[in-house]
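All remarks here apply to the structure that follows.
There are 2 protein chains.
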Amino acid sequence: MTGTERTDALDLERQVCFPLYAASNLVNRAYRPILSPLGLTYPQYLVMLVLWQDGCRSVGALGERLYLDSGTLTPMLKRLEAQGLVRRVRDNADERRVNVSLTDEGAALRERAQSVPATMFGACTNWQEDQLHDLRHAVNELIDALNRRDEAAKPEAVTRRKPQAAVPD
Amino acid sequence: MTGTERTDALDLERQVCFPLYAASNLVNRAYRPILSPLGLTYPQYLVMLVLWQDGCRSVGALGERLYLDSGTLTPMLKRLEAQGLVRRVRDNADERRVNVSLTDEGAALRERAQSVPATMFGACTNWQEDQLHDLRHAVNELIDALNRRDEAAKPEAVTRRKPQAAVPD
DNA sequence: TTGATTTATATTGCGCGCAATATATTTTCA
DNA sequence: TGAAAATATATTGCGCGCAATATAAATCAA
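Chains as they are written, first to last, in the numbering used here: chain U, 2 to 170; chain Z, 2 to 170.
Now the structure itself:
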């Protein structure tokens, strides 16, 4: 109302993706001191979560779970291998694939990681379980929407990634 | 129930921060083809949003708005300067500061950016305004919670960044 | 079977993010 | 005033993310 011409659509406060971007950076920062004693970065921690949960997985399967491609995963997995946490072995049945599995040390690290979620959110006062639940739900719906948009954009070809649907709720 | 010992807290599906991380990556990817014709990356676009909205700002003030520090901003602002979109000038009153302002070209770019939000979310079918609103609200609450946690962690010193409260709703 | 296409991973180059550190300026206060 | 502390930005080094490209293996088609 002050007279200067302003188009609200470009106001930072109107953006939906900026809080997402900022929160992702803040989360990464918050995890760093918690994961550092385990020798892991946050993306590396996510890879370990998948392997602890699913066991041996190909590079492509890890990428589908985490929405990442080989350009990101290959160097990251090599670092985890150099640390002795995972093995990278060519698949005998299909020599194109590389199977990633846990070493004994990688599997053992799970015990030390048990306290990570509680450390992360235990210190986060004033934050209730159901709010986290709502947030997870809302973000997962955005992920679904972005994936549907990608599929709609190129209907005649397979999408670059074929991520499974975001986890329900 | 299958007998293998499993601790749910480390399941990927239980994580709150992973969808945030994945969504942030997907958003960055989705913005790329939209911003590429403008010669901007998504973080650069955010800087331009602040400058279009606030006008001339110091590096530190930009960092408070975007939750970034000089280690990220300085090289980014140099790239924007090399493109002729912004100016970086030492503050006469306080020679420690560097003020960042728009060039004519940078200010003019705003017109071409007007269509960016609609392009981003216009193609996103099945996604309602109020869902985006809820998402923004939920993520902003997490940002506030993480900031409160940081302040609580080191009460005797000023926090590394002093971000203003996340935008209300 | 062979040649073309598809699939899986690796490589290259670039732009973030950020901790740690360095440098220069300003403020504090003894 | 003058030394110490605080403040603002810059630099360094490293680990992502990802588009584009390369390479090799598997599949498909003629």
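Here a beta-carbon is modelled for each residue, glycine too, at the ideal position from N, C-alpha and C.
Predicted, not measured: the structure shown is a model, and the values here were computed from it.
Item: Which of helix, strand or coil DSSP assigns to N93 (chain U); Value: coil
Item: Proximal residues of chain U, C-beta to C-beta of V101 (chain Z) below 7 Å; Value: Here the premise fails: no neighbours, minimum Cβ distance about 15 Å.
Item: Neighbour list for P76 (chain U) in chain Z, Cβ cutoff strictly below 8 Å; Value: Within chain Z, no residue comes near P76 (chain U); the closest Cβ sits about 16 Å away, beyond 8 Å.
Item: Contact with chain U by R66 (chain Z), beta-carbon distance below 8 Å; Value: yes
Item: Below-8 Å beta-carbon distance, P38 (chain Z) vs any chain U residue; Value: no
Item: Coil, strand or helix - S102 (chain Z) by DSSP; Value: strand
Item: CA-to-CA distance, N100 (chain Z) to A94 (chain Z), given in whole angstroms; Value: 11 Å
Item: Bridge partner(s) assigned by DSSP for V117 (chain U); Value: In the DSSP output, where bridge partners are listed per residue, V117 (chain U) has none listed.
Item: Beta-carbon proximity check, L78 (chain U) vs V87 (chain U), cutoff 8 Å; Value: yes
Item: Proximal chain Z residues relative to N26 (chain U), where beta-carbon distance stays under 7 Å; Value: Y68
Item: Beta-carbon proximity of R193 (chain U) to S71 (chain U), cut-off 8 Å; Value: A query on residue 193 (chain U) cannot be resolved here, the shown segment of chain U reaching from 2 to 170 and no further.
Item: Distance, L52 (chain Z) Cα to G61 (chain Z) Cα; Value: 13 Å
Item: Three-state secondary structure (DSSP) of V87 (chain Z); Value: strand
Item: Under 7 Å (Cβ pairs) to chain Z, residues found in the segment 127-151 of chain U; Value: N127, W128, Q132, L133, D135, L136, R137, A139, V140, N141, E142, L143, I144, A146, L147, R149, R150
Item: Outcome for P118 (chain U) when other beta-carbon atoms lying within 10 angstroms are tallied against a minimum of 16; Value: buried
Item: Alpha-carbon to alpha-carbon, S25 (chain U) and L50 (chain Z); Value: 19 Å
Item: Three or more C-beta pairs below 8 Å linking the segment 26-33 of chain U and the segment 135-147 of chain Z; Value: yes
Item: Expected contact under 8 Å - CB spacing of D13 (chain U) and Q84 (chain Z) to nearest Å; Value: In the sequence as presented, Asp is not what sits at residue 13 (chain U); that position holds Leu. Rounded, the Cβ-Cβ distance is 21 Å, inconsistent with contact.
Item: Residues of its chain near L41 (chain U), where Cβ-Cβ distance is below 7 Å and the 5 sequence neighbours each way are ignored; Value: M49
Item: Bounding residues of the alpha helix (DSSP H) (the contiguous stretch that carries C57 (chain U)); Value: Here C57 (chain U) belongs to no alpha helix (DSSP H), and DSSP marks it neither H nor E.
Item: Under 8 Å between C-beta atoms of A139 (chain Z) and L136 (chain U); Value: yes
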